[in-house]
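Step one of this worksheet: look at the structure below.
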Amino acid sequence: MTEALSYPIGRFVPPPSHDPAAVARAIDAIRALPGEARAAVAGLDEARLETPYRDGGWTVRQVVHHIVDSHVNAWCRVRLALTEELPT
Numbered sequence: 828m829t830e831a832l833s834y835p836i837g838r839f840v841p842p843p844s845h846d847p848a849a850v851a852r853a854i855d856a857i858r859a860l861p862g863e864a865r866a867a868v869a870g871l872d873e874a875r876l877e878t879p880y881r882d883g884g885w886t887v888r889q890v891v892h893h894i895v896d897s898h899v900n901a902w903c904r905v906r907l908a909l910t911e912e913l914p915t
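If you're matching positions, the sequence shown starts at 828 in our numbering and goes up one per residue.
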């Protein structure tokens, strides 16, 4: 499998720092994601939802579920960290 198929938008490159403006942009992006995802799949029929983005890749439905699952898990972890005496 080629790099372009495995990482269609490229490999993750962490930012050199997390300045307040970057944090604000990230918060805005997370806040906007549900509406953007909803709009992106609105009107797709079952066949389109079951279409993989590449051969052997996840379907549209699987990608949407993965995004939701990963965000819920992140939210749970942050919530737990905020309520722990000594978060690890």
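The beta carbon of each residue, even a glycine, is placed where N, CA and C say it ideally should be.
query	result
One or two residues paired with T886 in a DSSP bridge	P879
At least 3 beta-carbon pairs within less than 8 Å: the region 887-902 vs the region 858-872	yes
Rounded straight-line distance, which links the Cα of D882 to that of V868	20 Å
Contact under 9 Å by Cβ, T888 with L907	The amino acid at residue 888 is misidentified as Thr; the sequence shows Arg. Cβ atoms of R888 and L907: not closer than 9 Å.
Through-space distance from E873 to S844, alpha-carbon basis	42 Å
For T886 and L871, the rounded distance between their alpha carbons	12 Å
Between the CA atoms of E912 and V905 - distance to the nearest angstrom	13 Å
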